[in-house]
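Sequences listed follow chains B and X, in order. Residues 7 to 338 in my numbering are what the first sequence spells out, letter by letter. Residues 390 to 600 in my numbering are what the second sequence spells out, letter by letter. Here a beta-carbon is modelled for each residue, glycine too, at the ideal position from N, C-alpha and C. Owing to the predicted nature of the structure, the values given are computational and were not obtained by experimental measurement. Beneath this line is the structure, given in structure tokens, with notes to follow.
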Amino acid sequence: MKKFINDPYDVVDEMLEGFLAVNSKYVRLLDTARTVVRVDAPISGKVGVVTGGGSGHKPAFIGFIGKGMLDAVAVGEIFTSPPPNAVFEAAKAVNGGQGVLFLLGNYAGDVMNFQLAAEMARAEGIPVEQVIATDDVASAPKDRIANRRGVVGEFLAWKCVGAKAESGGTLAECKAVAEKVNNHTRTFGVAIEPCTVPAKGVPTFTLAEDEMEYGVGHHGEAGVARIKMMSADAVTEKITNEILNDMPLQAGDEVAVLINGLGATPQLELYIVYRKVKQILDAKGIVAARSLVGEFFTALEMAGFSVTLMKLDAELKSLLDAPADTPAFKQF
Amino acid sequence: MDTIGSAQMIKIIGYMCDSIEEQKDYLSELDGAIGDGDHGVNMAKCFRQIKAKLPASEGKDVGAILKDTGMVVLNSVGGAMGALYGTMFLRLAQEAAGKMEITLTDLVRMFKAAEKGIRELGKAEVGDKTLLDTVAPAVAALEKAEQEGKSLQDALSDFEQAAKKGMESTRDLMAKVGRASRLGERTIGHQDAGATSCYFILRAFSEGIKQ
């Protein structure tokens, strides 16, 4: 393993030390748990938006804490869900009297730890609702859609729900936005290089020069199939069709397109992928009304990307366009 | 010996900590085959904290010792394992609250409560290739041994044997829940890492009473 780290057991704490020092204008660390919150939390009268998960996904999750997005993030070990007290302390710290919405990805550890935290928060009288993201098409067939993983579609939920909460939306309204985003969003990912979890020291899988992993998530885990390497256009067409087969769109529909790099794929390649997605959508008369290309949710140094489409309506479009000011996403 | 006293429970947990430390590379290796390969690391990190805090539990009742352990497990490293093992220890603790020593009958009641907690939180069934495949047969064996009037030591020996068989059974199963379940048939042929760490935790009861 070749990485610029010190003791592998300390990577998360050392990363946080640096991140907090850089972003003290936006965020602070709680004394009670490894939980990062908006510097001005709790905001009276605003629903608190809380997420969390394992580390290794920069800029997710903590990069999106700030005005118009997240209020708090419970920080876990690399690719490991945070413990319940970190989520519970997050809920306490950001409850501005309107309750707290937990947004999480569909992973066994996250689901269990957030459930335990929700029980703890409700026992203290904090109203808590939760929405579990399931945007990853590859991870389960459509008839078991609730079993799917949540991947970078979560970013779109943070953006839209954060905007709703910032504009005074109630807990029920924020929850409804999160559910709508999840129902309207599909992602499909591929990878050509694995990543190495620092404390493990060896890559999560090995691929031959002419192979790729198809249908990957963002923990460096193998995909649903190993297939022959393809050109950017061929693989982009294949995965965009997976999404369109799963979530049929009509000519005239508007979508947000999100091309997410998984950590080691250069922007150069991501824009080539975007170009192809745009061509496919144009040919079908589907309007790419909003587009985002870059790294939003990575898997350490994994090389790969995902394509996400979110079907837009007037509400989602305006929430997506609302201002946000966070360390990793700014829109004015 | 027909009871486990509070000093013995400290030894059992100490033995557990040492086992996890010894097995950490093996656990990560198993996890690496169908998971992200960090199970051993996270378990070791958690049980190092338990070992460091164990002296502070000395002299407390069995329930309090298990509760101290459970709180560390629940709130140290997170993950599904933190939630499940945390729940396991806290349920064991609830059933042993206030007792300076526990009998085989107590232990059966404690482990039945722990199994129930794991089932409720994890929503897995036996055969889904999870730590429940280790826990459920072990608890059943413990209860059977108690009903047959076996000694504490013999009952725990049955418990350990059943746990081991349960752990080994996961090799031929396809994962139905948890992260590995995404790999479907690719999980067959690999022993489950969680079922394996669970075996080392349960084995500490049969081995730790001999210490």
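field: Within chain X, the residues that serine 145 (chain B) reaches when beta carbons sit closer than 7 angstroms
entry: Arg571
query: Looking at the unbroken beta strand (DSSP E) that takes in threonine 86 (chain B), where does it start and where does it end?
result: First-last for threonine 86 (chain B): undefined, no H or E at that position.
message: In this structure, how does DSSP classify phenylalanine 120 (chain B) when only helix, strand and coil are distinguished?
response: helix
query: Whose Cβ in chain B lies nearer than 7 angstroms to the Cβ of serine 465 (chain X)?
result: Proximity of chain B to serine 465 (chain X) at the Cβ level (cut-off 7 angstroms) is accounted for by Pro89, in chain order.
CB contact below 8 angstroms: asparagine 29 (chain B) versus chain X: No, asparagine 29 (chain B) does not count as interfacial toward chain X.
message: According to DSSP, simplified to helix, strand and coil, what is glutamine 136 (chain B)?
response: strand
query: When the cut-off is 8 angstroms and only beta carbons count, does asparagine 119 (chain B) lie next to chain X?
result: yes
Three-state class that DSSP yields for alanine 294 (chain B) in the structure shown: strand
query: Using the C-alpha atoms, what's the distance from glycine 195 (chain B) back to isoleucine 292 (chain B)?
result: Looking at the two C-alpha atoms, the distance is approximately 21 angstroms.
message: Can you tell me which residues form a DSSP beta bridge with leucine 107 (chain B)?
response: Looking at the DSSP assignment, leucine 107 (chain B) forms a beta bridge with B:Val55, B:Glu135.
task: For valine 28 (chain B), count neighbouring Cβ atoms within 10 angstroms of its own Cβ and tell me buried if that reaches 16, exposed if not.
output: exposed
message: Can you pull out the residues from the stretch 417-449 of chain X whose beta carbon lies closer than 8 angstroms to at least one beta carbon of chain B?
response: Ser417, Gly421, Gly424, Asp425, Gly426, Asp427, Val430, Asn431, Lys434
task: Find out if the Cβ-Cβ distance for the pair proline 81 (chain B), threonine 41 (chain B) is shorter than 8 angstroms.
output: Note on residue identity: the sequence assigns valine, not proline, to residue 81 (chain B). Their beta carbons are under 8 angstroms apart, which means valine 81 (chain B) touches threonine 41 (chain B) by this criterion.
task: Consider the Cβ of arginine 340 (chain B): report whether some Cβ of chain X lies at a distance smaller than 8 angstroms.
output: Residue coverage of chain B in this structure runs from 7 to 338, which leaves residue 340 (chain B) outside it and unanswerable.
Extent of the continuous alpha helix (DSSP H) to which alanine 205 (chain B) belongs: Looking at the DSSP string, alanine 205 (chain B) is not in any alpha helix (DSSP H), and its letter there is neither H nor E.
- prompt: If you pair each beta-carbon of the stretch 473-484 of chain X with each one of the stretch 310-324 of chain B, do three or more pairs fall below 8 angstroms?
  reply: no
task: Confirm, please, whether the CB-CB distance from cysteine 201 (chain B) to valine 187 (chain B) is below 8 angstroms.
output: no
message: Using beta carbons (cut-off 8 angstroms, strictly below), is alanine 527 (chain X) in contact with chain B?
response: no
query: If we ignore side chains and look at the alpha-carbon of each, how far apart do glutamate 484 (chain X) and alanine 502 (chain X) end up?
result: 8 angstroms
query: To which residues of the same chain is glutamate 257 (chain B) closer than 8 angstroms at the C-beta, ignoring the five residues directly before and after it?
result: Before going further, note that residue 257 (chain B) is alanine rather than glutamate in the sequence given. Exclusion of the five residues before and after alanine 257 (chain B) leaves Lys290, Gly291, Ile292 as the residues of its chain whose Cβ lies within less than 8 angstroms of its Cβ.
- prompt: Can alanine 96 (chain B) be considered in contact with the ligand GTP, in the sense that its beta carbon sits closer than 7 angstroms to one or more heavy atoms?
  reply: This structure does not include the ligand GTP; it has no bound ligands of any sort.
- prompt: Pick from B:Ser173, B:Leu26, B:Val117: whose alpha carbon is nearest that of alanine 330 (chain B)?
  reply: B:Ser173
- prompt: In the stretch 459-536 of chain X, which residue ranges form an unbroken alpha helix (DSSP H) of at least 4 residues, counting only runs that do not cross its ends?
  reply: Unbroken alpha helix (DSSP H) stretches of 4 residues or longer found wholly inside the stretch 459-536 of chain X: 468-484, 493-511, 521-536, given in chain order.
message: Suppose you measure from the CA of leucine 531 (chain X) to the CA of leucine 276 (chain B); what does that come to, to the nearest Å?
response: 57 angstroms
- prompt: Between the stretch 499-511 of chain X and chain B, which residues of the former have CB atoms less than 8 angstroms from a CB of the latter, in chain order?
  reply: Leu510, Gly511
- prompt: At a CB-CB cut-off below 9 angstroms, which residues of chain B make contact with alanine 584 (chain X)?
  reply: The premise fails here: alanine 584 (chain X) is roughly 14 angstroms from chain B at the closest Cβ pair, so nothing lies under 9 angstroms.
- prompt: Pairing CB atoms from the stretch 296-312 of chain B with CB atoms from the stretch 154-170 of chain B, are three or more of them under 8 angstroms?
  reply: yes
message: Between the stretch 506-513 of chain X and the stretch 457-465 of chain X, can you find at least three pairs of beta-carbon atoms closer than 8 angstroms?
response: no
field: Interfacial residues, the stretch 473-491 of chain X to chain B, with Cβ spacing under 9 angstroms
entry: Shown in chain order are the members of the stretch 473-491 of chain X whose Cβ falls below 9 angstroms from a Cβ of chain B: Leu473, Gly475, Thr476.
message: At the level of alpha carbons, what is the spacing between leucine 264 (chain B) and valine 56 (chain B)?
response: 22 angstroms
message: I want to verify the contact list: residues of chain X whose CB lies under 7 angstroms from the CB of glycine 102 (chain B), in sequence order.
response: Here the premise fails: no neighbours, minimum Cβ distance about 25 angstroms.
- request: Give a yes or no on contact between the stretch 210-222 of chain B and the stretch 232-244 of chain B, applying the rule of three or more CB pairs nearer than 8 angstroms.
  value: They touch, by the three-pair rule.
- prompt: Count the other CB atoms within 10 Å of the CB of isoleucine 336 (chain B); is the residue buried (16 or more) or exposed (fewer)?
  reply: With the sequence shown as reference, residue 336 (chain B) is identified as lysine, and isoleucine is not the correct amino acid for it. Flag for lysine 336 (chain B) reads exposed.
field: Best match in B:Ile49, B:Ile68, B:Ser50, B:Asp13 for proximity to glycine 58 (chain B) [C-alpha to C-alpha]
entry: B:Ile68
- prompt: Mind checking if lysine 234 (chain B) is an interface residue toward chain X, Cβ cutoff 8 angstroms exclusive?
  reply: no
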